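Counting with my numbering, you get residues 46 to 136 for the letters of the sequence shown.
Heads up, the beta-carbon is just placed ideally off N, CA and C, and yes, glycines get one too.
Keep in mind it's a predicted model, so treat the numbers as computed, not measured.
Here's the structure we're looking at; comments come further down.
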Amino acid sequence: MVKKLVGSVTPEERNEIQALFERRNGLNELAKIVTADNAELYEKLVTDLGSTGTKFQAWWDRMSDKYKWESADDGNWEINFDTCDIYLVRQ
Numbered sequence: 046m047v048k049k050l051v052g053s054v055t056p057e058e059r060n061e062i063q064a065l066f067e068r069r070n071g072l073n074e075l076a077k078i079v080t081a082d083n084a085e086l087y088e089k090l091v092t093d094l095g096s097t098g099t100k101f102q103a104w105w106d107r108m109s110d111k112y113k114w115e116s117a118d119d120g121n122w123e124i125n126f127d128t129c130d131i132y133l134v135r136q
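The structure is reproduced here in structure tokens:
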């Protein structure tokens, strides 16, 4: 795996993606214990996961358009929440 520094974001932008990241992780953990037996909660969870995933991807799309980060077909971006730095990670 190769990591290359390709840019950074503001602390406010970092806070936005960090909140989405933590929400998505929390929902994924919840998804491990919620079953379809509880239809109402299950549907709410599925909807929230979809919505959060869409917002998460939209943030990356918006920031990559704004900052023109280098990209690669075999790579993805990663953020260091402590430094606000963005890395291109390739296998």
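Point to revise | V79 (DSSP reduced to helix, strand or coil) | key: coil
Exercise for review: Count the CB pairs spanning the segment 58-72 and the segment 99-114 that are closer than 8 Å, and state whether there are at least three.
Suggested key: yes
Practice item. Identify whether S109 lies in helix, strand or coil by the three-state DSSP scheme. Key: helix
Check your understanding: Between the Cα of D93 and the Cα atoms of D130, F126 and L72, which residue gives the shortest distance?
Key -> L72
Review point. By DSSP, does D118 sit in helix, in strand, or in coil?
Key: DSSP, read as helix, strand or coil, puts D118 in coil.
Check your understanding: For V79 versus C129, is the C-beta spacing smaller than 9 Å?
Key -> The answer is no: Cβ separation not under 9 Å.
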